[in-house]
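Q: Each residue of the sequence shown is one higher than the last, beginning at 1399 in this note's numbering. Please see the structure below; I have some questions.
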Amino acid sequence: MSPVFDNRPCELGEGPLWHPERHQLFWFDIINKRMMSQVDGEQLRWDFPEHVSAAGWVDENTLLIASETGLWRFDLSCNTKDLVMPLEADNPVTRSNDGRADPWGGFWIGTMGKSAEQGAGAIYRYWQGELRQLVPNITISNAICFAPDRSYAYYTDTVTKQVMRWALNAETGWPEGESTVFLDLRVDGLNPDGAVVDTEGNIWIAQWGAHRVAAYDADGQFLIAVAFPAAHVSCPAFGGANLTTLYCTTAREGLDQTTLSQHPSNGMTFAATDVAKGQPEHRVIL
1399 MSPVFDNRPC ELGEGPLWHP ERHQLFWFDI INKRMMSQVD GEQLRWDFPE HVSAAGWVDE
1459 NTLLIASETG LWRFDLSCNT KDLVMPLEAD NPVTRSNDGR ADPWGGFWIG TMGKSAEQGA
1519 GAIYRYWQGE LRQLVPNITI SNAICFAPDR SYAYYTDTVT KQVMRWALNA ETGWPEGEST
1579 VFLDLRVDGL NPDGAVVDTE GNIWIAQWGA HRVAAYDADG QFLIAVAFPA AHVSCPAFGG
1639 ANLTTLYCTT AREGLDQTTL SQHPSNGMTF AATDVAKGQP EHRVIL
């Protein structure tokens, strides 16, 4: 069976979110400023006036969407958006990138330069009305995800080829102390992109340029890799009826026309069934 879930090629697919109440996958094509979805084979698309990149779910009909200027409450029933909090709105160099809701109802969101300017971005957490910068001087923010026992957050600056792990306060979810290197991929020459953690605590990391999502256990030991027919895999998400389908967005960005014509599946969104069991995505509490 073909692993293609949606055959629309994204220039830069990102931010897949399985909505646990709608049983529906949402994702983004950042460069083309759109959110995409599919219901029973019907392809859906929402266009925006600026870059959008990640989302969390608030309720059945509401998403929190991250854009280059803010966090927005988006109503799926009437396609309207309201500003929740500005996000680097006064900085034309940057846009939002990877993001995910945490177990406390907060939302972590990374920014980066639109041309990946060195150190132009940061990672933030929005919780209880406060947007707090957690990590400054990030070049390409990625791999934001959380351990199932609420003990750790993970993130990466892709250009470092290192995935970081950060202890979290059990009551508030704010990080404590300093983050430490969880996974060093420099020797392997691998570029960590988006990531998600399954119910066993294993982290599944898209590896840009490597055609795959790779799983590592909580000690950082490699477990397995799932291959996809696209060079630039960008972000995984678990979904489907039992949360055992691994969805993955990909990108055409940076690939030449010859490669794209020979391998048109680059940029499409894929689904691999019966891979592992994911956590339900946490609700964002506004």
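Even for Gly, the Cβ is constructed at its ideal location relative to N, Cα and C. Computed from a predicted model, the values in this text were never measured in an experiment.
Does DSSP classify T1467 as helix, strand or coil?
A: Counted from its first residue, the sequence shown places residue 1467 at position 69. Here T1467 sits in coil by DSSP.
Q: Would the region 1566 to 1573 count as touching the region 1600 to 1610 if we require 3 or more Cβ pairs under 8 Å?
A: The region 1566 to 1573 is not in contact with the region 1600 to 1610.
Q: Note down the Cα distance separating A1612 from G1411, rounded to an integer number of angstroms.
A: Indexing the sequence shown from 1 puts residue 1612 at position 214. Indexing the sequence shown from 1 puts residue 1411 at position 13. For A1612 and G1411, the distance between alpha carbons rounds to 18 Å.
Q: From E1458 to D1473, what does the alpha carbon distance come to, in whole angstroms?
A: Within the sequence shown, the letter at position 60 stands for residue 1458. Within the sequence shown, the letter at position 75 stands for residue 1473. Their Cα atoms are separated by approximately 9 Å.
Q: So, does the region 1644 to 1651 touch the region 1462 to 1480, judging by three or more C-beta pairs under 8 Å?
A: Output reads no: the region 1462 to 1480 does not touch the region 1644 to 1651.
Q: For N1395, does the count of other Cβ atoms within 10 angstroms reach 16, so buried, or fall short, so exposed?
A: With the chain running from 1399 to 1684 in the structure shown, residue 1395 is simply not present.
Q: On the three-pair Cβ rule with 8 Å, is the region 1673 to 1681 touching the region 1652 to 1661?
A: Touching, no, given that fewer than three Cβ pairs across the two stretches are closer than 8 Å.
Q: Would you kindly report the start and end of the unbroken beta strand (DSSP E) that includes T1509?
A: One-based indexing of the sequence shown puts residue 1509 at position 111. Run containing T1509: 1505 to 1511, per the beta strand (DSSP E) assignment.
Q: Let me know if G1575 comes out buried or exposed under the rule of 16 or more other beta-carbons within 10 Å of its beta-carbon.
A: Mapped onto the sequence shown, residue 1575 falls at position 177. The residue is exposed, with fewer than 16 neighbouring Cβ atoms inside 10 Å.
Q: Please tell me whether A1541 and V1561 are closer than 8 Å, where the distance is taken between their beta carbons.
A: Within the sequence shown, residue 1541 is the residue found at index 143, counting from 1. Within the sequence shown, residue 1561 is the residue found at index 163, counting from 1. Cβ distance < 8 Å, so A1541 and V1561 count as in contact.
Q: According to the neighbour-count rule (16 or more other Cβ atoms, all chains shown, within 10 Å of its Cβ), is A1514 buried or exposed?
A: Along the sequence shown, one-based indexing puts residue 1514 at 116. Counting Cβ neighbours within 10 Å, A1514 comes out exposed, since fewer than 16 surround it.
Q: Using only the alpha-carbon positions, how far apart do R1432 and S1475 sit?
A: Residue mapping note: residue 1432 aligns to position 34 of the sequence shown, counting from 1. Residue mapping note: residue 1475 aligns to position 77 of the sequence shown, counting from 1. Their backbone Cα atoms lie some 17 Å apart in a straight line.
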